[in-house]
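Engineer: Right, I'll just put the structure down here and ask away after.
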Amino acid sequence: MIVLKAENITKAYDGVKVIHNINMHLKKGEIVSLLGVSGVGKTTLFHILSGLFEPDEGRVMLNGEDITGKSGKISYMQQKDLLLPHKKIIDNVSMPCVIKGMKKKEARKKVELLFRQFGLEGCEYKYPSQLSGGMRQRAAFLRTYVSSNGVALLDEPFSALDTLTKSSMHKWYLNMMDQIEMGTLFITHDIHEAIHLSDRIYVLGGKPGIIKGEICIEQEKPRKEEFEFSKEYAEYKRQIVDALTAQA
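So for the sequence shown, the numbering used here puts the first residue at 14; every next one is plus one.
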């Protein structure tokens, strides 16, 4: 079942097109990555999908509803965790509920049962500065999930983590997405990350940015470490590189 769809999205700034005629979709519980070089329009597209910007042409559909230009319909987790340093983790996580009018005590009660599921039990009343980078990112994921409506946009969610923490977070992320069935569309520059995590990969390239390729990763998740050295992995990587370097 398709939960999110972008139809013929085009956006220009000062008369210069940034992205052109973007068509893409996300199914329930699916992990889809948007891969492309810096400056190709990935963040602009996310701003449009999240309702922060309006496209010049096209529309955004969520569960059959036109949400073009309507913010607050889809959770958008940016590159930094953006946890407020003066608030306890439970209050950071429950903030979307409070913003929507729920009382603080009720909002805390709603989210506290999720801390164990997200591997954050015992962190509820700590401050962000008391958590490791990986735990802060888990808290940011949990906050995103609380207001997700089953769909979330993640802008390079693992880029700030060191290699070992990133590998651990990849495994945790796949496990969590399998449990909660939240459809996620995430931006990455990392081909390896895209192949290992995604059900599908959209390759964005050119000026203006257009969808240059869609690659389906058929191997079952979680993918074993030896997959990286397989013929299938090499073929996926070749398809992505070909799409990135293809002339418009």
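Here a beta-carbon is modelled for each residue, glycine too, at the ideal position from N, C-alpha and C.
If you draw a straight line from the alpha carbon of E70 to that of S145, how long is it in whole angstroms?
Structural biologist: Distance between the alpha carbons of E70 and S145: 42 Å.
Engineer: Can you tell me whether DSSP reads E43 as helix, strand or coil?
Structural biologist: coil
Engineer: Name the two residues that bound the continuous beta strand (DSSP E) containing G71.
Structural biologist: For G71, the enclosing beta strand (DSSP E) stretches over residues E70 to L75.
Engineer: With a cut-off of 8 Å, do at least 3 Cβ pairs link the stretch 117 to 133 to the stretch 198 to 208?
Structural biologist: no
Engineer: How far does the beta strand (DSSP E) with L166 in it reach, from first residue to last?
Structural biologist: L166 -> beta strand (DSSP E) spans V164 to D168.
Engineer: Exposed or buried, T176, counting other C-beta atoms within 10 Å across all chains shown (16 or more means buried)?
Structural biologist: exposed
Engineer: Following the continuous alpha helix (DSSP H) through G146, name the residue where it begins and the one where it ends.
Structural biologist: Per DSSP, G146 belongs to the alpha helix (DSSP H) from G146 to V159.
Engineer: Using C-beta distances below 7 Å, list every residue in its chain close to V106, excluding the 5 sequence neighbours before and after it, in chain order.
Structural biologist: V124, A152, L155, R156 and V159
Engineer: Within a Cβ cutoff of 6 Å, which residues of the same chain sit near H33, ignoring the five residues on either side of it in sequence?
Structural biologist: T23, P221 and I223
Engineer: Rounded to whole angstroms, what's the CA-CA distance from V254 to I208? Just pull it up for me.
Structural biologist: 12 Å
Engineer: Around the Cβ of R121, are there at least 16 other Cβ atoms within 10 angstroms (buried) or fewer (exposed)?
Structural biologist: buried
Engineer: Excluding the five sequence neighbours on either side, which residues of its own chain have a C-beta within less than 8 Å of the C-beta of I80, listed in chain order?
Structural biologist: G64, V73, M74, K86 and I87
Engineer: So, using beta-carbon positions, are L166 and H183 closer together than 8 Å?
Structural biologist: Taking 8 Å as the Cβ cut-off, L166 and H183 do not qualify as a contacting pair.
Engineer: Verify whether the separation of the beta carbon atoms of P68 and L96 is less than 8 Å.
Structural biologist: no
Engineer: Would you please state the rounded distance, in angstroms, between the beta carbons of H38 and I61? I believe it to be under 8 Å.
Structural biologist: The C-beta separation of H38 from I61 comes to about 15 Å, leaving the pair out of contact by the 8 Å criterion.
Engineer: Expressed to the nearest angstrom, what Euclidean distance is found between the alpha-carbon atoms of G114 and I103?
Structural biologist: 17 Å
Engineer: For S161, count the other beta carbons within 10 Å of its own beta carbon; 16 or more makes it buried, fewer makes it exposed. Which is it?
Structural biologist: buried
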